[in-house]
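In what follows, a structure is listed as structure tokens, so that the remarks can point back to it.
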Amino acid sequence: DAGVIQSPRHEVTEMGQEVTLRCKPISGHNSLFWYRQTMMRGLELLIYFNNNVPIDDSGMPEDRFSAKMPNASFSTLKIQPSEPRDSAVYFCASSLTGTANTGELFFGEGSRLTVL
Amino acid sequence: QQQVKQSPQSLIVQKGGISIINCAYENTAFDYFPWYQQFPGKGPALLIAIRPDVSEKKEGRFTISFNKSAKQFSLHIMDSQPGDSATYFCAASNNNDMRFGAGTRLTVKP
Chain A
3 DAGVIQSPRH
13 EVTEMGQEVT
23 LRCKPISGHN
33 SLFWYRQTMM
43 RGLELLIYFN
53 NNVPIDDSGM
63 PEDRFSAKMP
73 NASFSTLKIQ
83 PSEPRDSAVY
93 FCASSLTGTA
103 NTGELFFGEG
113 SRLTVL
Chain B
89 QQQVKQSPQS
99 LIVQKGGISI
109 INCAYENTAF
119 DYFPWYQQFP
129 GKGPALLIAI
139 RPDVSEKKEG
149 RFTISFNKSA
159 KQFSLHIMDS
169 QPGDSATYFC
179 AASNNNDMRF
189 GAGTRLTVKP
């Protein structure tokens, strides 16, 4: 089975440009998470969805960040306008929650964003 | 947002030695404590996990020790191997809310 698929793997853009990161969770998983990883702050939870509904977006840094999950198989994280301090690796993860939940998150390989 | 504190930041161990990484948490509502392993260029992957109803869990060379009263847990890697060189993250979760420690970069020297 395919794991969590993220695109693009690498993105280099200039300050002020819009950036869209994409994620396809594992089929059948009903929870999706966006994390940001930097050397200084480690892995930070930005937002998570359960059954396509945003549950907690308190980790989203500011209004320049937005995330959507229009259906169970696709999610986007958008940064508009981007700034150099947004440079990081962005991970998407999915899990299956419910009574049989193991709590395990399955991570994609990440999208490395560089904002010049 | 740092709800899980992890130490040390980095660790160098000789091949065959024991690697020990420690974590502490504040929120007593957390009920699932996993450890993730991350190799360069890859996403974190689940290594081993424990729930607070047991004090220890062992899987091969990896053991989690859990102290509920102290709100601390640790990962022990016995007979450490160069292939174990990676970044290790502890985490704690309640329902869907999983919070990670800052990570420990482990280097196992041959």
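Chains as they are written, first to last, in my numbering: chain A, 3 to 118; chain B, 89 to 198. Even for Gly, the Cβ is constructed at its ideal location relative to N, Cα and C.
Item	Value
Using only alpha-carbon positions, find the residue among A:49, A:15, A:34, A:13 that is nearest to residue 110 (chain A).	A:34
Suppose the cutoff is 7 Å on Cβ atoms and the five residues either side in sequence are ignored; what does the same chain contact list for residue 47 (chain A) look like?	35, 37, 61
Do residue 91 (chain B) and residue 110 (chain B) come within 9 Å of each other at the CB atom, strictly closer than that value?	no
Which class does residue 30 (chain A) belong to by DSSP, given the choice of helix, strand or coil?	coil
In whole angstroms, give me the CA-to-CA distance for residue 97 (chain B) and residue 193 (chain B).	6 Å
Please tell me whether residue 97 (chain A) and residue 23 (chain A) are closer than 9 Å, where the distance is taken between their beta carbons.	no
What would DSSP say about residue 86 (chain A), mapped onto helix, strand or coil?	helix
Under 8 Å, CB to CB, which of the residues in the stretch 134-150 of chain B have a partner in chain A?	134, 137
Verify the CB distance criterion: does residue 129 (chain B) have a CB-CB separation below 9 Å to chain A?	yes
In chain order, what are the residue ranges of uninterrupted beta strand (DSSP E) at least 3 long that sit wholly in the stretch 16-75 of chain A?	21-26, 33-40, 44-52, 55-58, 67-73
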